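See structure below.
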Amino acid sequence: MSLLDQADAGLVLGRTRRGRTPWPGGLAVGGLWLAAAAIVHLWPDGDDWAYTDALAGIEAGLGLLLMAAAFAAPGVRGLGWTRRSAPWLAVLPIGFTLWEIATAKLDLLPRPFFTPPQAFLEVYFDDWPRLGDSVVHSLILLLTGYAIGAAAGFVTGVAIGWSRLVGYWVHPVLRLVGPLPATAWLPLAFFVFPTSWSASTFLIALATAFPVTVLTWSGIAGVNSAYYDIARTLGAGERFLVLRVAIPAALPQVFVGLFMGLGSSFAVLVVAEMLGVKSGLGWYLQWAQGWAAYANMYAALLVMAFMCSGLITLLFRIRDRVLAWQKGLLRW
Amino acid sequence: MVALESFDLPAPPSALRVDIEQVSHGFQLQGAPLPVLDQVDLAIAPGEFVALLGPSGCGKSTLLRLLAGLDRPRAGRLLADGHPIGRPDPSRILVFQAPTLYPWRTVRQNVAIGLEARGLLPARKERIDEALDLVGLTAFGEALPHQLSGGMAQRAALARALVNDPALLLLDEPLGQLDSLTRITMQGELVRLWQRARFTAVMVTHDVEEALLMANRVVVFSERPARIKAILTVDRPYPRHRDDLVLQNLRREILDLMGFGEA
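Protein chains in written order, with the working numbering: chain A, 1 to 332; chain B, 1001 to 1263.
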């Protein structure tokens, strides 16, 4: 918590020893949000926008919460992030306000390509069942394909890395077919598989499997041979060497492969949903574009960004747990 | 062959007798054959501590790998208690120059790996604590390898070997990477471990003094391909001292043999 302490030392100026003087920086940040809310509420819209007051209400609510946090922060654990994020929390209301003025208030930017912040709220408030349903469908498709691809890639990678025979036969195929973008299979897959959903699952699995295979393989191939010699002199059999020596030693590389595979699986997911699957965020984007519903598109993109970022974060969290023995892990 | 009369301890029943008979070995280096061992002949009595001394790269470590069963010789035979050595066996354990602990396992899990690999872990759990105690790492059982100093890591590697009750302990410059003070301490500790656990020990080193301080016999090898130049018996009680005149004379004799007469 050294970062927090530094922030404490640097930012808390008015705190006395006895009383709990609020943190002025926090009050200022809260004030900015309240000011943003006031502008949204008091300045009439150039056109009729629903949810303008909802936007003002949310901004005001955030402002009040941040002020409350500024009063509580010195004593309450778990509020340290408000200090670390203070610059971001200050810039955001300013940015929102400029955006609001340029769109809703003054109509400076051409519509319908540019939408005001409250248009996002409109989408989230009015279309949440469809959007939520899309997220669920995307997640199911993505995670099914990813799990299959990751498992298949891991097993293949271990097999190539461990067995000369498997390496001899699989390596040339992997070299030729692996670099092909999974989306290139799309027309064929939609033709061969019974449903577009199963075709998409296959493509996501394919996109995931290639990096996972290559990096698992390279991880296994790169294991210090002394690890094997030592285990063998200590009485380890083949099974023990694979499961207890080769795989743990290769895991850091495996996670690099899983990370890269997750990235390519996002790309395939969106393309597959745009071209074949009749649900999911990719489909929602396509559908919104068809109706020139740009606000829906932006709102869906934002949701998709949170979804992808959340999944990557989850993967890194898992890695941090599994590879806790490593020194100097990158923090995501 | 030099006779072995005066041991500090009687030969224990569990220690291994080793016979190296006319062993030659080599590698292929960029297509050309590279002879490494040339007709090496050596008999090691159960419970003996033998040091293999020679210029670096002469093939001493190759001989240890053959004894561990990690490689097979091109010619000749290696016998452990009269049985040919064909593959690794937990009764013959090799400790490498680098401790090479498994970084994803705690010290305790590293020490346990031999028992785990042979399915003996539940039955002999207490052996792990004994081994950690023996090398003075009781407090570091839950530490990860990267948290250990070089000396501690090497001690953990020793505990990992000792937990299997080896009948033959093969040491490949086990103290080579340690600083000189840690090294002196560890030399004494290794000799004490050997005296307590009563295994047969074969140690590769290129430090003449270390060989003389620790071994019953010192085998001096030639340049590659290694053949035995001389075998010297070090008939001194433990703990030995560097300034022991007998050791100093032996040291001069060995350096002469290795071509460093003027040094």
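All residues carry an ideal CB built from backbone N, CA and C; glycine is no exception. None of these values were measured; they are calculated from a predicted model.
The continuous beta strand (DSSP E) containing B:PHE1049 extends over residues 1049 to 1053.
In this chain, A:ALA288 is not harboured by any beta strand (DSSP E); it is covered by the alpha helix (DSSP H) spanning 281 to 290.
Taking a Cβ-Cβ cut-off of 8 Å, the neighbours of B:LEU1144 in chain A comprise TRP325, given in sequence order. The C-alpha of A:GLY157 is placed about 40 Å away from the C-alpha of B:ALA1201. Proximity of the stretch 1038 to 1053 of chain B to the stretch 1016 to 1028 of chain B meets the contact definition, three or more beta-carbon pairs being nearer than 8 Å.
Taking C-beta separations shorter than 6 Å and ignoring five residues to either side along the sequence, the partners of B:ARG1092 in its chain run ALA1068 and LEU1168, following chain order. Beta-carbon to beta-carbon, B:LEU1144 and B:THR1106 are separated by about 6 Å, close enough to satisfy the 8 Å threshold.
Two segments are said to touch when three or more pairs of C-beta atoms, one from each, lie closer than 8 Å; by this definition the stretch 1046 to 1059 of chain B does not touch the stretch 1086 to 1102 of chain B.
At a cut-off of 8 Å, the C-beta of B:ARG1118 has a neighbouring C-beta in chain A. In the DSSP assignment, A:GLY145 falls outside any beta strand (DSSP E) and within the unbroken alpha helix (DSSP H) covering 128 to 162. Under the DSSP assignment, B:THR1200 falls in the beta strand (DSSP E) whose first and last residues are 1200 to 1205.
In this model, A:LEU108 and A:PRO44 are separated by some 15 Å (Cα to Cα). With a threshold of 16 other beta carbon atoms within 10 Å, A:PHE96 meets it and is buried. Residue environment for A:ALA231: buried (at least 16 other C-beta atoms within 10 angstroms of its C-beta). In this chain, A:SER218 is not harboured by any beta strand (DSSP E); it is covered by the alpha helix (DSSP H) spanning 196 to 221. The shortest C-alpha to C-alpha distance from B:LEU1158 to any of B:THR1185, B:ARG1124, B:LEU1094 and B:LEU1181 is the one to B:LEU1094. Going by C-alpha positions, B:LYS1060 is about 23 Å away from B:ARG1160. DSSP places B:LYS1229 in the strand class (E or B) of the three-state scheme. In chain order, ALA1112 and LEU1115 place their CB closer than 8 Å to the CB of B:LEU1121, counting only its own chain and leaving out the 5 sequence neighbours on each side. In the displayed model, B:GLN1022 falls within a strand according to three-state DSSP.
Residue state for B:ARG1155 is assigned as helix, using DSSP reduced to three classes. With the criterion set as a beta carbon lying under 7 Å from some beta carbon of chain B, the stretch 115 to 136 of chain A has no members that meet it. For chain B, the residues of the stretch 233 to 260 of chain A that bring a beta carbon within less than 8 Å of one of its beta carbons are THR233, LEU234, GLY235, ALA236, GLY237, PHE240, ARG244, VAL245, PRO248, ALA249 and LEU251, in chain order. Taking the Cβ atoms as the reference, B:LEU1171 lies roughly 16 Å from B:GLY1150, outside the contact range of under 8 Å. Of the other Cβ atoms in all chains shown, 16 or more fall within 10 Å of the Cβ of B:ILE1044; this residue is therefore buried. Sixteen is the threshold: when 16 or more other Cβ atoms of the shown chains lie within 10 Å of the Cβ of A:TYR227, as they do, the residue is buried.
At a cut-off of 8 Å between beta carbons, B:PHE1199 makes no contact with chain A. Listed along chain A are ASP229, ILE230 and THR233, each with a C-beta nearer than 8 Å to that of B:LEU1094. Among the bridge pairs identified by DSSP, B:PHE1221 is matched with B:ILE1228.
Bounds of any beta strand (DSSP E) do not take in A:ILE101, whose DSSP letter is neither H nor E. Within chain B, the residues whose beta carbon sits less than 8 Å from that of A:ALA226 are PHE1096, ALA1098 and THR1100, listed in sequence order.
For B:VAL1036, the three-state secondary structure derived from DSSP is strand. Within the stretch 1062 to 1080 of chain B, those residues whose Cβ lies closer than 9 Å to any Cβ of chain A are, in chain order, ARG1065, ALA1068, GLY1069 and LEU1070.
Contact annotation, B:VAL1208 with B:ARG1251: C-beta distance approximately 5 Å; criterion of less than 8 Å satisfied. The C-alpha of A:ALA37 lies about 11 Å from the C-alpha of A:LEU64. Relative to the Cα of B:LEU1232, the nearest Cα in the group B:GLU1223, B:GLN1028 and B:MET1214 belongs to B:MET1214.
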